[in-house]
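When we follow the working numbering, the leftmost residue of the sequence shown carries the number 75, and every step to the right adds one. Ideal Cβ placement from N, Cα and C applies to all residues, glycine included. Here is the structure we will look at.
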Amino acid sequence: MALSISSVRQALHGSWLRQGVWSVLDQGLFAGANFLVNVLLARWLTPDAYGAFTVAFVVFLLAGTVHGGLLIEPMLVFGRGQFEGRTATYLRELLRAHAGYALVSGGVLMVVALVCWIVGSPGFAALFGTLAVAQGAILGLWLLRRACYLVSRPAWAANAGLLYLLLLTASAIGLYQIDALTGVTALWLMAGASLVASVLLAFRLGVFGARREADLARQARASHIEYGRWAASTGVLEWAQLAVPFLVLPLFVGLDGSATLRALFNLAMPAAQGFAALATMCLPLLVRARFEGTFRQKLIVLGSGFAGLGLLYGLLVLGFGGPAVLWLYDGAYVATPGMLICLALVPVTVSIANVLTTAVRSAERPSAVFRARTLALGVTSTVGVALTAVLGVLGALIGEVVMLLAEIVALVQPARAVAAHPDPVGLPITEDGPDTAADAQAASLESAWI
Numbered sequence: 075m076a077l078s079i080s081s082v083r084q085a086l087h088g089s090w091l092r093q094g095v096w097s098v099l100d101q102g103l104f105a106g107a108n109f110l111v112n113v114l115l116a117r118w119l120t121p122d123a124y125g126a127f128t129v130a131f132v133v134f135l136l137a138g139t140v141h142g143g144l145l146i147e148p149m150l151v152f153g154r155g156q157f158e159g160r161t162a163t164y165l166r167e168l169l170r171a172h173a174g175y176a177l178v179s180g181g182v183l184m185v186v187a188l189v190c191w192i193v194g195s196p197g198f199a200a201l202f203g204t205l206a207v208a209q210g211a212i213l214g215l216w217l218l219r220r221a222c223y224l225v226s227r228p229a230w231a232a233n234a235g236l237l238y239l240l241l242l243t244a245s246a247i248g249l250y251q252i253d254a255l256t257g258v259t260a261l262w263l264m265a266g267a268s269l270v271a272s273v274l275l276a277f278r279l280g281v282f283g284a285r286r287e288a289d290l291a292r293q294a295r296a297s298h299i300e301y302g303r304w305a306a307s308t309g310v311l312e313w314a315q316l317a318v319p320f321l322v323l324p325l326f327v328g329l330d331g332s333a334t335l336r337a338l339f340n341l342a343m344p345a346a347q348g349f350a351a352l353a354t355m356c357l358p359l360l361v362r363a364r365f366e367g368t369f370r371q372k373l374i375v376l377g378s379g380f381a382g383l384g385l386l387y388g389l390l391v392l393g394f395g396g397p398a399v400l401w402l403y404d405g406a407y408v409a410t411p412g413m414l415i416c417l418a419l420v421p422v423t424v425s426i427a428n429v430l431t432t433a434v435r436s437a438e439r440p441s442a443v444f445r446a447r448t449l450a451l452g453v454t455s456t457v458g459v460a461l462t463a464v465l466g467v468l469g470a471l472i473g474e475v476v477m478l479l480a481e482i483v484a485l486v487q488p489a490r491a492v493a494a495h496p497d498p499v500g501l502p503i504t505e506d507g508p509d510t511a512a513d514a515q516a517a518s519l520e521s522a523w524i
């Protein structure tokens, strides 16, 4: 069954571009707020203290990654298909699941805090204890921001991002002025701003007025577990790729090594987060393109655009990164030419990896992404660790680039396979793409994750 001409025109209408702009703005506002807090912490704290904050936050990201794999990524897949028209009720069930998850992850983080206290690390104990309480609000905002995309309202997420930015930056600057900004207080500020923004989004999404439906709850639980077991596992690998350099550097260089790496990565993170936001918007576009017969063309256009933006950002880092590091951190950290070259390559490789990952996920093949992340983790755990042991922070940066290249190589073949056979046989086609409510058994898709 083919889509009508009007459906194709609607898919290519400028509204998608406007939503993409809102999506990037949403990501930019949240990233900008966290970027400013990180800069203030790097300027104010000693390298060891900032390194401790960095390590603790990286560990917290493990909880965030599993949360995203079990709740957020499946929501983006099923929310516009299987639970179409019941978004508020569906989100109510997801928030119930989120609350349960927050209790479990908070308990684990509190145990980590207790262990740190027992072994004589009160600084880490305070950070992990704070995260145990704060993570529920922080992760809740992550969930509700992405939920705005289910109803094609990225502007709502951007508005919440503006509120988050104003609350977090104003309070952080205030504490900075009175010499009270620490890693612990920064986490409390993030939690408070997240909670306020989450309540706003929950009202807009109609969550508070939704009633529980037992059948929907069972369907959502089954779908999320089935999809999430792959997505969460893949997310853990992705987290490990990020975490290894930060967790290994203290062993060879000290906590100040993790602080330096984080300070340098602050330059590349806006690009990485921007590409992640664009990739989120491109996922439904590529899903639709599979049914329109335009998958290959759209993939080429998106890949060229992403790579071009990554190259432009990399050139800016290469040309202005050195002075920017000195200015941002008041001379506390320095970027050598070798470090700048590696930093410039990060946005280029990240952009390409995002496009390939989105292409593979559009065909509902999370297992292929899982295998690519497994290879990348193997590279960063061996080559990356060896480079870090020998070259310190520079070695960690080189290892990051090598790891991203390995991930790209692993994703090329699955992406080519999707491009060669983009139209899944057996799934009914509607104006919104594949009808995921038809269940996986009705499709003859290659679904290694089932």
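Check, Outcome
"At which residue ranges does the region 137 to 213 contain complete alpha helix (DSSP H) runs of 4 or more residues, listed in the order of the chain?", "147 to 152 and 161 to 192"
"Looking at the structure shown, is R286 part of a helix, part of a strand, or coil, going by DSSP?", "coil"
"Rounded to the nearest angstrom, what separates L414 and G395 at their Cα positions?", "7 Å"
"Check whether the region 207 to 227 touches the region 263 to 271, counting contact only when three or more Cβ pairs, one atom from each stretch, lie closer than 8 Å.", "yes"
"Between the region 146 to 156 and the region 332 to 343, do three or more beta carbon pairs fall short of 8 Å?", "no"
"Alpha carbon to alpha carbon, what distance is there between E147 and A231?", "16 Å"
"Quick one, are the C-beta atoms of L119 and V281 less than 9 Å apart?", "no"
"I need the DSSP call for C222, collapsed to helix, strand or coil.", "coil"
"What do you get for D404, buried or exposed, if any count of 16 or more other CB atoms within 10 angstroms of its CB means buried?", "exposed"
"Where are the beta strand (DSSP E) runs, 3 residues long or more, that stay fully inside the region 316 to 354, in chain order?", "none"
"Which of the three DSSP states is assigned to D100 in this structure?", "helix"
"For G309, which residues of its own chain have a beta-carbon under 7 Å away from its beta-carbon, when the five flanking residues on both sides are left out?", "T139, V140, G142 and G143"
"Once the 5 residues before and after G473 are set aside, which same chain residues still bring their CB inside 7 Å of it?", "P319, T454, V457, G458, L461 and T462"
"What would DSSP say about P488, mapped onto helix, strand or coil?", "helix"
"Would A446 and R364 qualify as a contact pair, given that the criterion is a beta-carbon distance under 9 Å?", "no"
"Between which two residues does the alpha helix (DSSP H) harbouring R445 extend?", "P440 to V453"
"Determine the contact status of A450 and Q293, defining contact as a CB-CB distance below 9 Å.", "no"
"By how many angstroms is the C-alpha of V464 removed from the C-alpha of A346?", "27 Å"
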